[in-house]
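Asker: Take a look at this one; I'll ask things after.
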Amino acid sequence: MSSLVFVKGFLFCHVFMPAVFSFSKSAIGSIDHGFGKHDGGTLFIEHVHFVLDVEPEISVSTYDKIMCAFKCLHQSFCLSFNYDARSPGNNSCELLSKNKYTLSERFQPSQFFNHYSLMSPCENGPCKKGAKCNPLYGSNGYYCERSPGSIEQGSPWIKLNKNVVCFGAKNDAFGNFTVTSHGTILTMRLVYISGFVTCNNRTVPYGSHWACKKGSRIATIVTSAAKNVIFPEDYKNKSYSLVGYHANSSELVFPPRSKPLKVTNGEEYQIWYNEDFVNGEEFNNGGQTCVNVYALYES
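Below you can see the structure in the form of structure tokens.
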């Protein structure tokens with residue numbers, strides 16, 4: 001059962017069914033997931049007596065569900081949370097990097113927990129014939145997928161690389177690939193295969209799929225052959241947060257560009273580790289991450 005609760009800033013009131021929390025920017029300061037936004041706030045949908053049964057990234061105790069929601073907003077990986085709603089007090093707040101749309105089989109009834117997910121067009125079940133709905137974070141978009149890389153509805157993912165693409169962390173060790181289809185690209189998806197990169201090869205076990213180490217901000221970017229950064233679009237010459245993903249995520253899906261990218265067959269693009277790209281303190285960097293690259297084209 002879902003109930004609709006509307007919270008704007010620190011005001012909390014029941015409005016109608018099903019439930020939504022809205023957190024205004026004035027209440028959360030500079031925190032901005034870039035997803036689930038509405039009228040300047042961030043929306044959560046409340047699922048009463050349901051739980052997403054996955055391992056939490058962080059588990060803390062909070063006084064109420066409002067504080068649990070703020071904890072989620074403070075973590076770039078957080079897409080949803082479970083909250084023990086038996087009584088106000090030091091109750092369990094589980095911050096999750098997963099969502100119920102792509103793990104519907106783990107979304108289960110619960111005697112003690114309520115589940116809260118970022119608002120998404122996937123909530124309305126737009127995907128048919130058993131396909132999973134994948135939200136595109138940073139926009140109100142989505143795509144439907146029956147199996148990885150097999151799109152059942154919406155714009156198709158197209159694999160861009162013929163051979164595995166590997167990139168290192170120093171000495172201009174970018175990985176390159178070429179566009180295989182003409183068209184307009186909304187976003188790209190990097191799927192992890194093997195290896196690691198690190199900003200400190202003297203300390204083991206430093207290293208992660210996309211960043212300096214576990215817990216670090218993401219440091220993997222995509223550029224044109226002319227070294228113009230394509231993804232993430234708001235890159236500022238430093239590591240960054242990407243909603244729903246962390247240093248060891250199995251894949252990265254970048255927020256769609258505000259102006260889609262027109263590409264032609266044969267164009268080269270590159271994957272870089274941030275410090276290598278800006279020629280920063282890379283002397284003790286190391287490792288190599290290997291990936292497959294997909295593009296989401298306008299249909």
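As numbered in the numbering used here, residues 1 to 299 make up the sequence shown, in order. Where a beta carbon is used, it is the ideal one built from N, C-alpha and C, also for glycine. No experiment lies behind these values; they were computed from the predicted model shown.
1. Reducing DSSP to helix, strand and coil, say where alanine 69 ends up.
2. How would you call valine 326, buried or exposed, if buried means at least 16 neighbouring beta carbons within 10 angstroms?
3. Pick out whichever of Ser258, Phe44, Ala85 and Pro126 has its Cα sitting closest to the Cα of cysteine 144.
4. Considering only DSSP beta bridges, list what glutamine 111 is partnered with.
5. The beta strand (DSSP E) spanning phenylalanine 167 covers which residue range?
6. By how many angstroms is the C-alpha of glycine 175 removed from the C-alpha of isoleucine 271?
7. Let me check understanding here. Comparing Cα to Cα, which of Phe70, Ser76, Ser216 and Asn114 lies closest to aspartate 53?
8. Can you tell me whether aspartate 39 is buried or exposed, with buried defined as 16 or more other CB within 10 angstroms of its CB?
9. Identify the continuous beta strand (DSSP E) that holds aspartate 276 and give its terminal residues.
10. Could I get the ranges of all uninterrupted beta strand (DSSP E) runs contained in the segment 215 to 271, with 3 residues as the minimum, in chain order?
11. Does valine 263 get closer than 8 Å to chain D when you measure Cβ to Cβ?
12. Using the C-alpha atoms, what's the distance from phenylalanine 196 back to phenylalanine 167?
13. Label glutamine 111 either buried or exposed according to how many other C-beta atoms from any shown protein chain fall within 10 Å of its C-beta, with 16 as the threshold for buried.
14. Suppose contacts are defined by Cβ-Cβ distances below 8 Å. Is serine 224 in contact with alanine 247 by that definition?
15. Does the Cβ of proline 109 have 16 or more other Cβ atoms within 10 Å, making it buried, or fewer, making it exposed?
16. In its own chain, which residues sit with a C-beta less than 8 Å from the C-beta of tyrosine 302, not counting the 5 before and 5 after it?
17. Taking just the CA atoms, how far does glutamate 94 sit from isoleucine 58?
18. Taking only three categories from DSSP, how would you classify glycine 40?
19. So, at 7 Å on beta carbons, what are the nonlocal neighbours of serine 61 in its own chain, with the 5 sequence-adjacent residues on each side left out?
20. In three-state DSSP terms, what is cysteine 122?
21. Alpha carbon to alpha carbon, how far is arginine 86 from asparagine 200? Give it in angstroms, no decimals.
22. Should tyrosine 116 and isoleucine 45 be called a contact, given that it needs their Cβ atoms to be closer than 8 Å?
23. Report yes if the CB atom of serine 104 is closer than 8 Å to the CB atom of leucine 79, and no otherwise.
24. For valine 164, which option in Ser181, Thr184, Val191 and Thr198 has the closest C-alpha, if you only look at C-alpha atoms?
25. Determine the burial state of alanine 226: buried for a count of at least 16 other Cβ atoms within 10 Å of its Cβ, exposed for fewer.
Answerer: With the structure as the only source:
1. Helix at alanine 69.
2. With the chain running from 1 to 299 in the structure shown, residue 326 is simply not present.
3. Of the candidates Ser258, Phe44, Ala85 and Pro126, the one whose C-alpha sits nearest the C-alpha of cysteine 144 is Pro126.
4. Under DSSP, glutamine 111 takes part in no beta bridge, so it has no partner.
5. Here the beta strand (DSSP E) through phenylalanine 167 covers 165 to 168.
6. So the alpha carbons of these two residues sit roughly 5 Å apart.
7. The residue among Phe70, Ser76, Ser216 and Asn114 with its C-alpha nearest the C-alpha of aspartate 53 is Asn114.
8. Because aspartate 39 carries a pLDDT of 41, less than 50, the predicted location of this residue cannot be relied on, and the following value inherits that uncertainty. Per the 10 Å Cβ criterion, exposed.
9. Segment 274 to 277 is the alpha helix (DSSP H) holding aspartate 276; no beta strand (DSSP E) there.
10. Whole beta strand (DSSP E) segments, 3+ residues: 220 to 224, 229 to 231, 251 to 253 and 261 to 263.
11. Among the protein chains of the structure shown there is no chain D, as only one such chain exists.
12. Taking the straight line from one Cα to the other gives about 9 Å.
13. By the neighbour-count rule (16 or more Cβ atoms within 10 Å), glutamine 111 is not buried but exposed.
14. It is not a contact, given that the beta carbons lie outside the stated cut-off.
15. Around the beta carbon of proline 109, fewer than 16 other beta carbons sit within 10 angstroms, so the residue counts as exposed.
16. Residue coverage of the chain in this structure runs from 1 to 299, which leaves residue 302 outside it and unanswerable.
17. Going by C-alpha positions, isoleucine 58 is about 6 Å away from glutamate 94.
18. For glycine 40, the predicted structure reports a pLDDT of 42, less than 50, and the residue's modelled location is therefore unreliable. The matter cannot be settled from this model.
19. Within the same chain, serine 61 has close Cβ partners Asn90, Asn91, Ser92 and Cys93.
20. Helix, per DSSP.
21. Answer to the nearest angstrom: the Cα atoms are 45 Å apart.
22. Cβ atoms of tyrosine 116 and isoleucine 45: closer than 8 Å.
23. It is not a contact, given that the beta carbons lie outside the stated cut-off.
24. In terms of Cα proximity to valine 164, the closest of Ser181, Thr184, Val191 and Thr198 is Val191.
25. With fewer than 16 Cβ atoms within 10 Å of its Cβ, alanine 226 is classed as exposed.
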